[in-house]
Every structure is written in structure tokens, then in C-alpha cells.
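J.: Protein chains in written order, with our numbering: chain C, 33 to 364; chain V, 33 to 364.
Quick one: this structure, given as C-alpha cells, is what I'll be asking you about.
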């Protein structure tokens with residue numbers, strides 16, 4: 033093998049992402065220099081936050097550069113190491129982007145322990161999405177036993193974990209998801225107490241029925257009209273962990289929120305957060321997640337696309353909510 | 033004197049408050065029963081939150097009841113006491129509403145010390161507005177030295193105190209107010225570093241010029257378009273103390289916020305608060321405010337209407353932002 037297939041980010045979307053925003057190329061296999069490692073990517077992670085990186089505007093992470101390999105989390109195998117920290121055959125998590133092979137400084141990689149869970153889990157329940165759920169719920173929103181936790185995009189990688197952790201902590205977990213199949217997955221497979229189908233046409237009433245004592249914690253992944261409806265039913269002294277606004281990322285004009293007054297009237301604490309701001313918490317989060325996983329208290333599903341060429345299509349599908357659980361691309 | 037003049041709240045406003053929402057009546061002078069106190073009101077407090085109490089909808093405080101005396105804070109003199117806690121001649125703060133005389137259980141009154149400041153100050157800088165400024169800024173928003181604090185309704189009783197306390201704490205204080213006269217008052221008399229006139233037609237650029245390093249703390253009293261503009265310029269890890277939304281109280285449809293994404297991208301913490309939730313903090317707040325007042329570090333202006341019959345008009349004027357500093361009605 034002497035060539036590396038890559039997906040480049042070639043033009044910025046206006047509104048919805050399209051496959052035209054990307055281009056597949058072949059390039060020579062890179063060689064690691066001193067201190068570097070060559071990794072063969074086994075899995076690509078597709079996550080909503082990556083949409084933000086495609087915009088030119090200010091976001092919390094450095095934007096994706098036009099003409100460069102599309103950014104994203106990866107898990108793979110060390111093929112060649114010029115770093116004392118890794119040896120050939122090690123499985124590592126990193127952010128090598130949409131390509132079959134990548135070279136990285138050792139500092140950008142972390143060895144993973146596949147005895148705890150399969151390698152792909154380090155992009156899901158044991159990786160960024162799982163730690164995001166843990167951190168947003170337990171560190172930011174801090175639910176108390178018996179409280180009602182509502183989470184949007186409940187069938188996604190983050191949302192699915194949030195509700196299950198809420199249940200572990202003795203809370204009532206209410207999901208919001210689009211369509212009956214997803215809601216069935218959320219209540220059936222993931223064990224949430226209830227799930228509201230926001231596409232069913234009775235959001236306010238359905239939310240009230242699912243959270244009859246009001247909402248104490250909102251873990252917000254979606255934004256827009258669904259979030260506006262949640263705001264109406266927040267309890268006094270409730271908390272909102274603002275994790276994402278995926279419904280807004282592909283709009284040229286954002287949805288205009290109407291129920292901000294609820295934050296004043298109910299003395300709500302709303303906090304935006306990014307999981308990478310608190311790297312100090314990752315070991316503890318991951319250890320707890322691994323423990324719950326082993327004890328059978330945490331379940332997760334993966335949606336897998338096969339082959340690098342499927343990455344753009346799978347990414348767009350994920351942004352449209354076509355996936356169940358964690359969306360991955362399998363390369364090997 | 034055997035009669036008591038009162039202003040009753042007789043019908044709920046739809047949109048803007050009008051004088052028709054009130055009616056002046058005379059009634060017999062009330063008599064205190066055992067444990068009660070008869071107070072002659074010297075000053076009525078007019079505050080934005082009172083608009084919320086006129087709505088039938090859910091708010092943070094019990095609504096004003098139709099046919100009853102209009103609610104509101106008061107300062108007055110004890111005329112007759114059947115409580116061991118007060119004696120004739122004591123000056124007391126309470127919430128006896130829009131009337132010349134009121135009867136109250138001793139628990140609803142607090143003796144005030146007019147050696148620290150004039151009685152009216154206990155409705156302003158030494159009362160609810162001053163403590164609100166102190167609590168929202170120092171407990172909720174927690175500015176650090178050198179940070180930029182932006183406060184809307186900066187020429188009002190709360191806003192004026194916020195900026196001055198921010199300066200005392202070593203912050204850059206930027207006000208937002210409507211019109212040149214108010215901005216001159218805010219920078220001149222109150223000593224803010226800068227003040228943006230939101231009516232001047234260049235809000236975004238003017239705000240950027242006044243807060244060139246971005247906004248670290250927003251003390252929000254107004255909401256609506258002005259708040260939306262502030263959101264655009266919040267710094268990473270900035271804080272918003274959400275104290276009021278006075279621009280919205282008289283609208284039948286709220287302004288629809290567009291820049292919520294800034295809270296996510298910048299990991300902003302936004303918290304609604306009500307000063308009466310933390311009565312434990314009042315003594316410390318009042319002691320600090322009194323100290324700054326004595327040291328000449330805190331200034332305040334009062335806008336005074338004369339006579340009970342002026343209360344409705346002055347209240348409407350205050351909601352429209354016609355006052356400078358604390359709006360009062362002087363009865364005695």
C-alpha cells in the first residue's frame with residue numbers, strides 16, 4: 033500500500049451540507065518523522081459539532097480549512113512509530129480526519145484499551161459523546177434524585193447516554209426524538225421513562241404529559257422550536273446544559289426564540305459547554321462510563337457506514353437525524 | 033384624618049399599561065389589630081417588576097389582584113403600633129402598596145436607619161434595586177478585575193448601581209441607555225467608562241467600540257433587540273445575570289431572540305435571578321452599599337413624582353424609560 037485515500041473539504045456549505053462540499057483524492061502514503069506516528073484509521077467519527085467547523089464564522093473550535101482533509105475524530109492502528117510512546121499495533125484514538133492513513137505527533141493520540149469495549153466505542157460511549165453526556169449532565173446540570181431530566185436528540189450518541197445516566201442517578205428521563213421508531217428505541221432499548229415524538233404534532237401537550245411535574249434539567253442538543261417548547265415548561269431553579277443546536281447548523285437564519293422570559297421567571301441557570309474545555313474530567317468520566325457499561329447499565333447502538341467514500345453521505349444523514357445512536361464510518 | 037386614599041388595580045393591561053388600569057378611591061382609615069402596625073406611607077417605590085405582577089400569567093411573584101390596592105414597595109412612619117417590635121415614630125420599609133396608609137403584620141416591615149441615608153434610599157440604593165445590583169453582579173455574574181461589564185437600562189436604579197459597583201471592583205463599566213441625556217448622566221454623574229445610546233442607530237458598532245475587548249459580564253435588565261446585540265459580543269466563558277426584560281413586559285408578542293448560539297459557542301453561563309430568593313444576602317449587600325455610599329463611591333439620582341394621584345402616570349413613564357435613577361412617588 034503506497035497511496036492514501038482522503039476526503040477533502042473543498043467548499044463551504046450555505047445552509048445544508050451537500051456531497052459537493054467534499055472531494056475524494058488519492059495522495060502518497062505519508063511518512064512519520066521523528067516523534068510522529070503513522071496510523072491506519074479503522075473508524076471515523078461523525079458528529080454534529082463538525083458542521084460548525086465548516087462555517088467561516090467564529091465557533092468554539094478552529095474551522096476546517098478549505099482544500100484540507102475534512103476534520104474529525106478517528107480510531108486506528110499504529111503502523112509505524114517514531115515516538116517512544118507508541119509501538120506498532122497499538123490502537124489509538126485521535127483526530128486524523130477523513131482519510132485512510134494519517135500521521136500525527138504523539139501528543140495528538142491516546143492509546144485505547146479494547147478490553148473495556150470495542151475500539152469504536154472510543155468514538156462513542158467511551159469517547160467524546162459519552163464524556164459529553166456525563167459532563168453536561170453531572171457537572172453542568174447537576175440533577176438531583178427524583179428530578180425530571182429532558183434531553184433532545186435522545187436517540188443520538190450523546191442524548192441516549194444522557195437519559196441512561198439520568199436513570200442511573202434516580203431521575204425521570206424523558207427523551208425528545210423525531211418519529212415513532214426512534215421513540216420506541218429510546219424507551220425500549222435505552223430504558224428512558226418516556227419519549228416525546230416532536231414530529232407528532234402535539235409537542236407542548238406531549239411534553240407536559242411526559243414531564244407532569246415540570247422539567248428540572250434540560251440537556252439541549254437541538255435548539256429551535258423544540259427547545260422553545262421545553263423552555264415553557266422549565267421549573268423554578270431548573271438548569272439547562274446547552275450542548276448543541278443541531279437544528280440550527282444548516283439554517284442561514286436561526287430560529288428566533290420566544291420563551292427566554294422563562295429563564296428569568298424561573299431563575300433558570302443555562303450554561304453552554306464544550307467537552308474539550310475540561311480534559312481534567314475525562315479520566316473520571318470514562319471510568320464511570322466503563323463501569324456502567326460493564327454492569328449492563330449503559331447501552332448504545334452504532335449506525336455504521338462502510339468505506340471512506342460513504343463519509344459525506346453518512347455525515348449529511350446524521351445531520352438530518354437518520355442515524356440511531358453513534359454514527360460511524362468503518363474503513364477496515 | 034379619618035380617610036385613606038388608595039389606588040386600586042382595576043383591570044389588566046393588554047400590552048401597554050394605561051391610567052385606566054387604576055382607580056383612585058377613598059376608604060376609612062384602617063385600624064391595626066393585635067400584632068399589627070398602622071403606617072403612613074411617605075414614599076412609594078415604582079419598579080419594572082411590578083408590570084409583571086399585573087399579568088394573569090405565571091410570574092415569579094404572586095400577581096396583583098383586581099380590585100385590590102396596587103402592589104409595591106413603600107417606606108413610611110409608624111403611626112400606631114400593636115406590635116412590640118415597633119413604636120410610634122419608627123421609620124419602616126415594607127410593601128404596603130399604592131395608598132396613603134396601610135396596616136401590616138410586623139413580619140412584613142423592617143425598621144430603617146435614616147442615619148445611613150434618607151428614607152427614600154431604602155427603596156433605591158439601600159433597598160431592593162441596590163441589593164439587586166449587588167447580588168446579580170457579585171453573586172451571579174462574578175466579574176474579575178479588568179473584565180468588561182455591560183449593563184442595560186444603565187440610567188435606572190439598578191443599572192446605575194451595577195456599573196458603579198463594577199468600577200469599584202476594577203472592571204470596565206459600559207452602560208446601555210436610550211438617548212444622549214441618559215448616556216451623559218451615566219458617564220458623567222455615575223462615572224461609567226462608556227455608555228452606548230441604543231437609539232442612535234449603530235448599536236453593534238457602538239457596542240464594539242465601547243467594549244473593544246468583548247463583553248465578559250452582561251447584567252441584563254431590558255431584553256429584546258438590545259440584548260440580542262449584546263449576545264453577539266459575549267466573550268468565551270462570559271456570564272449573564274438575567275435580572276429583567278423590561279422591553280418585553282408591555283408586548284403581547286415577545287421579541288424573538290436570534291443569537292442564542294453565542295451561549296453555546298462561547299460557553300456562556302446565563303442565570304435568571306430574583307433578589308428576594310436570597311434574603312440571607314441582604315444584610316451583607318446593604319452593609320457594603322452603605323459603606324460605598326458613605327465613601328462617596330456610589331451615587332444615585334431620584335426621579336420624584338408628587339402625590340398619590342401621580343403614581344399611575346409616573347409608573348407608565350418609568351416603564352417607558354422617562355426616569356433618571358430611582359422612580360419614586362412622594363406622599364408626605
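Heads up, the beta-carbon is just placed ideally off N, CA and C, and yes, glycines get one too.
With DSSP as the reference, label residue 287/C as helix, strand or coil.
T.: Residue 287/C falls in the coil class under three-state DSSP.
J.: Hey, could you find the ends of the alpha helix (DSSP H) residue 163/C is sitting in?
T.: Run containing residue 163/C: 160-166, per the alpha helix (DSSP H) assignment.
J.: Determine the chain V residues that contact residue 280/C at a beta-carbon separation under 9 Å, and present them in chain order.
T.: Within chain V, the residues near residue 280/C are 292 and 293.
J.: For residue 274/C, go through chain V and note every residue whose CB falls closer than 7 Å to its CB, in chain order.
T.: Per Cβ cutoff of 7 Å: 295 and 296.
J.: Report the rounded CA-to-CA distance for residue 18/C versus residue 198/V, giving the unit in angstroms.
T.: Summary: the structure shown does not reach residue 18/C, with chain C confined to residues 33 through 364, and so no result is reported for it.
J.: Between the Cα of residue 362/C and the Cα atoms of 349/C, 60/C and 336/C, which residue gives the shortest distance?
T.: Minimum Cα distance to residue 362/C is reached at 336/C.
J.: Give the single residue among 156/C, 173/C and 181/C whose Cα lies nearest to the Cα of residue 356/C.
T.: Comparing Cα positions, the closest option is 156/C.
J.: With a threshold of 16 other CB atoms inside 10 Å of the CB of residue 174/C, please say whether the residue is buried or exposed.
T.: Label assigned to residue 174/C: exposed.
J.: Taking 7 Å as the cut-off, decide whether the C-beta atoms of residue 158/C and residue 149/C are in contact.
T.: Against a cut-off of 7 Å, the Cβ pair of residue 149/C and residue 158/C comes out as a contact.
J.: What's the gap between the Cα of residue 216/C and the Cα of residue 272/V?
T.: Roughly 38 Å separates the two Cα atoms.
J.: So if I threshold CB-CB distances at 9 Å, which residues from the stretch 299-315 of chain C count as touching chain V?
T.: Taking 9 Å as the Cβ-Cβ cut-off against chain V, the residues of the stretch 299-315 of chain C that qualify are 299, 300, 301, 302, 303, 304, 305, 306 and 309.
J.: Return no unless some Cβ of chain V is closer than 7 Å to the Cβ of residue 277/C.
T.: Yes, residue 277/C counts as interfacial toward chain V.
J.: If residue 334/C and residue 358/C are in contact, beta carbons under 8 Å, what's the gap, nearest whole angstrom?
T.: Going by Cβ atoms, the distance from residue 334/C to residue 358/C rounds to 5 Å, so yes, they are a contact pair.
J.: Taking residue 286/V as the query, report the chain C residues whose CB atoms sit under 8 Å from its CB, ordered along the chain.
T.: In chain order: 290, 291, 292 and 293.
J.: Quick check on the burial criterion: 16 or more other C-beta atoms within 10 angstroms. Buried or exposed for residue 43/V?
T.: Exposed is the call here.
J.: Name, please, each residue of chain C whose Cβ falls closer than 9 Å to the Cβ of residue 255/V.
T.: Simply 292, 293 and 296.
J.: What separation, rounded to the nearest whole angstrom, lies between the Cα atoms of residue 274/V and residue 297/V?
T.: Between residue 274/V and residue 297/V, the C-alpha separation is close to 19 Å.
J.: Taking only the alpha-carbon atoms, compute the straight-line gap between residue 41/V and residue 80/V and give it to the nearest angstrom.
T.: Straight-line Cα distance between these residues: approximately 16 Å.
J.: Taking the C-alpha atoms as reference points, what is the distance between residue 212/C and residue 350/V?
T.: Answer to the nearest angstrom: the Cα atoms are 51 Å apart.
J.: Using only the alpha-carbon positions, how far apart do residue 324/V and residue 50/V sit?
T.: Roughly 38 Å separates the two Cα atoms.
J.: For residue 260/C, I'd like the list of residues in its chain whose CB is within less than 8 Å of its CB, leaving aside the five on either flank, ordered along the chain.
T.: Excluding residues within five positions, the ones whose Cβ falls inside 8 Å are 287, 289, 290 and 291.
J.: Please work out which residues of its chain come closer than 6 Å, Cβ to Cβ, to residue 126/C, disregarding the five sequence neighbours upstream and downstream, and give them in chain order.
T.: Only 106, 136, 140 and 141 meet the Cβ criterion.
J.: Quickly, what does DSSP pair residue 63/C with across the bridge? List them, please.
T.: Residue 63/C pairs with nothing; no bridge assigned.
J.: Check whether the Cβ of residue 179/V lies closer than 7 Å to any Cβ atom in chain D.
T.: Absent from the structure is chain D; the protein chains it does hold are C and V.
J.: Grouping DSSP H, G and I as helix and E and B as strand, with all else coil, what is residue 70/V?
T.: It is a strand residue.
J.: Please confirm whether residue 279/V and residue 256/V have their CB atoms less than 7 Å apart.
T.: For residue 279/V and residue 256/V, yes; Cβs fall inside 7 Å.
J.: Going by DSSP, name the residue or residues bridged to residue 342/C.
T.: Looking at the DSSP assignment, residue 342/C forms no beta bridge with any residue, so it has no partner.
J.: Going by the CB atoms, is the gap between residue 186/C and residue 178/C shorter than 7 Å?
T.: Contact flag unset, no.
J.: If we ignore side chains and look at the alpha-carbon of each, how far apart do residue 48/C and residue 85/C end up?
T.: So the two alpha carbons sit approximately 14 Å from each other.
J.: Would you report the Cα separation of residue 147/V and residue 204/C, rounded to the nearest angstrom?
T.: Approximately 54 Å, taken between the alpha carbons.
J.: Just how far apart, CA to CA, sit residue 300/V and residue 266/V?
T.: Cα to Cα, residue 300/V sits roughly 8 Å from residue 266/V.
J.: Excluding sequence positions up to five away, which residues of its chain have a Cβ less than 7 Å from the Cβ of residue 100/V?
T.: Once the five neighbours on either side are set aside, the close Cβ partners of residue 100/V are 40 and 41.
J.: CB residue 73/V to CB residue 108/V, shorter than 7 Å?
T.: For residue 73/V and residue 108/V, yes; Cβs fall inside 7 Å.
J.: Who pairs with residue 107/V in a beta bridge, going by DSSP?
T.: Partner(s): 75/V and 125/V.
J.: Provide the residue span of the alpha helix (DSSP H) that contains residue 30/V, from first to last.
T.: With chain V covering 33 to 364 only, the question about residue 30/V has no answer from this structure.
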